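Worksheet for the structure shown next.
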Amino acid sequence: MKYLVTGGAGFIGANFVHYVIKQRSDAHVTVLDKLTYAGNEKSLAGLPEDRFTFVEGDICDEKLVGDLIKDVDIVVNFAADTHNDNSLIDPWPFIENNILGTYHLLQAVRKHDKRLHHISTDEVFGDLELDDPNRFTETTSYNPSSPYSASKASSDHLVRAWIRSFGIKATISNCANNYGPYQHVEKFIPRQITNILSDVKPKLYGAGQNIRDWIHVDDHNAAVLTIIEKGNLGETYIIGADNDHINNKTVIEMICELMDKPRDWYEHVNDRPGHDMRYAMDSSKLRRELGWMPQYTDQAGMRDGLKETIDWYRENEAWWKPEKAETEAKYQKTGQ
């Protein structure tokens, strides 16, 4: 099986590459990545040279994309700009990469008659009230809150339109917020971990009541591989780990405790503009039809996942340290 993984030097994409090569001995993976600030070629270190190829390039490069896609069996599209705060400062990269980039991939997949799996997010659905008992499903209406989530919603609609209008072979997955190794220090969980490792108090946005259905990146990628191998073409699958009862305040307290700090060893900072309150994912379709189950589920499972993640950042300071000071300087400008 020959994979083209776009955005494969980013957080989830790099973990997917490691996961597939480890789990499937016959897999060859080509990574296409633009190496923006969120892409790091060092995240792909140690992969076997005979089963892995790296190409630096842009998914908006029509010729390059076409040349790569014609020689693979499947395209797995992780390529995206993904940070809500950054999209409020400058929306254009999100429009260009997430919408136009997806368009170029779709056209190449259509031309060469290849399979596509498109990675999306829970944020396309907007948010739920804290006391809302419902969860997002595959039929939930889209209601994005930021330029980032709107651009991802647009890319999902493009994929569905190409499936219906042109008959391309594609599937879509919408996943909850990920955590784990190789995640940029601007993101919530690695920011708190690396703050403590730098002897700086973690930062909690607002009152910390916001809830995310946190999922370990390995659980996410196990679901993606399951969809690729067993999923029905044209279908969308929700991916979640049943962690939609754990708010940000609890997450920070868990991290502090796991890192031998008092549970309240953190500072409140300005809340994020347009901060969604709650995400919750109903992955029953994926579990029922394809047999996938998350490993790091509920609070006990998340503690295990956080402990492994903390250990990874502790052991890989050379990976995250170069970006830390610049990232924190940007947050300080916004009072965060």
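Here the sequence shown is numbered in this note's numbering, starting from -13 and rising by one per residue.
In this text, a Cβ means the ideal position worked out from N, Cα and C, and glycines have one as well.
Predicted model, so just to flag it, every value in this text is computed and none were measured.
Excluding sequence positions up to five before and after residue 59, its CB lies within less than 6 Å of the CB of -13, -12, all in the same chain and listed in chain order.
Contact check for residue 196 against residue 229 fails: the beta carbons are separated by 8 Å or more. In this structure, the beta-carbon distance from residue 218 to residue 134 does not fall below 8 Å.
Between the C-alpha atoms of residue 265 and residue 109 there is a straight-line separation of about 8 Å.
For residue 22, no beta strand (DSSP E) run applies, since DSSP gives it neither H nor E. Between residue 20 and residue 43 a beta carbon distance of about 7 Å is seen, short of the 8 Å cut, so the two are scored as contacting. Residue 264 sits in a strand when the DSSP states are folded into three classes. Annotated as proximal: residue 290 and residue 282, with beta-carbon spacing under 8 Å. In the DSSP secondary-structure assignment, residue 101 is bridged to 60, 155. Residue 160 is bridged by DSSP to 106, 224. Excluding the 5 residues flanking it on each side, residue 107 has same chain C-beta neighbours closer than 8 Å at 68, 135, 138, 160, 161, in chain order. Judged by DSSP secondary structure, residue 50 falls outside any beta strand (DSSP E) and instead within the alpha helix (DSSP H) spanning 48 to 55.
Going by beta carbons, residue 280 and residue 201 fall inside the 8 Å limit. Around the Cβ of residue 254, a 10 Å sphere holds fewer than 16 other Cβ atoms; the residue is exposed. Contact between the stretch 161 to 175 and the stretch 0 to 13 is established, with three or more Cβ pairs separated by less than 8 Å.
The stretch 74 to 91 makes contact with the stretch 45 to 60, as at least three CB pairs between them are under 8 Å. Closest in C-alpha terms to residue 79, from the list 100, 41, 24, comes 24. Pairing residue 111 with residue 314, the inter-Cα distance amounts to about 29 Å. Boundaries for residue 247: no beta strand (DSSP E) harbours it, and the DSSP string shows neither H nor E there. Spatial neighbours of residue 94 in its own chain (CB-CB distance under 6 Å, excluding positions within 5 residues in sequence) are listed in chain order as 51, 52, 55.
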